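Below is one structure, written out as structure tokens; the observations come after it.
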Amino acid sequence: MIEIFDPTDLARAKHTGALVAGILQSLKSRATVGTNLLDIDRWAKDMIAEAGALSCYVDYEPSFGRGPFGHYVCTSVNDAVLHGRPYDYALADGDLLTLDLAVSHGGVVADSAISFIVGDSKPPQSVALIDATERALSAGIAAAGPGARIGDISHAIGSVLSDAGYKINTEFGGHGVGSTMHQDPHVSNTGRPGRGYKLRPGLLLALEPWVMADTAELVTDADGWTLRSATGCRTAHSEHTIAITDDGAEILTLPTRA
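Under full-length UniProt numbering, think of the first position of the sequence shown as 1, with each following residue one higher.
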């Protein structure tokens with residue numbers, strides 16, 4: 001299913017996007033050395049409930065997971081890159097943490113992810129991974145607009161990641177969003193320009209470049225959800241929800257600057 005939203009719907013989407021961005025930034029500020037992943041999940045639950053919103057994850061039960069996800073935010077640490085299920089783990093200095101959050105409010109979903117390093121240590125490899133995904137995300141957004149093709153976005157993202165020396169996994173990528181979290185069209189993190197679905201004003205897309213330092217192969221954790229690098233290398237993941245507009249693309253999950 002592909003949903004196209006009118007201006008009234010887009011106003012609601014902007015509100016949901018701002019909510020997601022605000023929660024992620026709050027969680028980031030509280031994720032310090034010694035913070036437990038289960039506390040982060042609890043904080044997310046409380047903020048979602050306070051906003052009168054709904055988590056897209058608690059009852060999420062796709063074919064690739066093992067039962068309902070059962071938590072409110074994905075917490076992927078170091079070699080975990082996607083669908084990181086919160087567990088009893090205290091963050092250490094230098095950990096690379098990815099928080100991925102999808103929330104529904106007013107009947108519209110927004111989805112975003114941020115990767116950052118906990119504490120004072122800044123391992124160069126981790127810094128480079130995060131930088132590559134953020135630059136790839138910016139490139140993908142810049143390629144989006146009315147009349148562009150999904151392949152244009154995929155090519156822009158993939159060019160940045162491959163030029164940075166990373167292998168690209170195509171099992172998971174970006175996607176349409178709307179009244180539900182995962183919709184068509186699929187947005188691969190690499191592809192050929194000029195191919196695929198033609199973008200129209202009112203389309204919402206979640207773009208999410210992610211990479212692993214030295215492999216493109218994933219393995220599934222014992223929890224049945226968390227996806228890790230097959231080699232144990234570090235990973236990073238950046239994501240924004242955007243709306244295609246008459247003259248380009250608007251980021252809905254951009255944090256508000258103080």
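Think of the CB as a built atom: it goes at the ideal place given N, C-alpha and C, for glycine as much as any other residue.
A quick note: this is a predicted structure, and the numbers were derived from the prediction, not measured.
- By the neighbour-count criterion, in which a residue is buried when 16 or more other Cβ atoms sit within 10 angstroms of its Cβ, P86 is buried.
- In the three-state scheme derived from DSSP, where H, G and I count as helix and E and B as strand, M1 is classed as coil.
- Of D59, A148, I251, R228, the smallest CA-CA separation from R195 is found for A148.
- Contact check for A236 against I130 passes: the beta carbons are separated by less than 7 angstroms.
- Within the same chain, and ignoring the five residues on either side of D221 in sequence, the residues whose Cβ sits closer than 8 angstroms to its Cβ are A80, R85, L227, R228.
- A contact between stretches requires three or more CB pairs, one per stretch, nearer than 8 angstroms, and the stretch 234-249 meets this requirement with the stretch 9-22.
- Cβ contact annotation for A44 (same chain, cutoff 7 angstroms, sequence separation greater than five): I23, L27, Y72, V73, L101, in chain order.
- With respect to D93, V177 sits apart: the two C-beta atoms are not nearer than 7 angstroms.
- Put simply, the stretch 197-205 touches the stretch 146-164. At least three CB pairs are less than 8 angstroms apart.
- Annotation: the continuous beta strand (DSSP E) that includes E250 extends over 248-251.
- Looking at D214, W210, G145, the one whose alpha-carbon comes closest to that of T98 is W210.
- Within its own chain, the residues whose Cβ lies closer than 7 angstroms to the Cβ of A136, once the five positions on either side in sequence are excluded, are I157, V160, L161, P209, listed in chain order.
- Around the beta carbon of M1, a 10 Å sphere encloses fewer than 16 other beta carbons of the protein chains shown; the residue is thus reported as exposed.
- For T8, the enclosing alpha helix (DSSP H) has its first and last residue at 7-30.
- In the three-state DSSP reduction, M181 falls in the coil class, being neither helix nor strand.
- Sequence-distant Cβ neighbours of I168 in its own chain, meaning closer than 8 angstroms and more than five residues away, are G158, L161, S162, N189, T190, V211, A216.
- By the CB criterion at 7 angstroms, A206 and D111 fall inside the cutoff.
- Sequence-distant Cβ neighbours of D214 in its own chain, meaning closer than 7 angstroms and more than five residues away, are T231, C233.
- Boundaries of the beta strand (DSSP E) harbouring S115: 108-117, taken from the DSSP string.
- Restricting attention to alpha helix (DSSP H) runs no shorter than 4 residues, the stretch 28-91 encloses them at 37-50, ordered along the chain.
- If one requires a minimum length of 4 residues, no alpha helix (DSSP H) run lies completely within the stretch 182-238.
- Contact check for L54 against S126 fails: the beta carbons are separated by 7 angstroms or more.
- For L161, the uninterrupted alpha helix (DSSP H) segment begins and ends at 150-163.
- At a Cβ-Cβ threshold of 7 angstroms, R12 and V77 do not count as neighbours.
- Per the C-alpha coordinates, the member of L203, Y57, L82 positioned closest to I4 is L203.
- The beta carbons of T180 and L91 sit no closer together than 7 angstroms.
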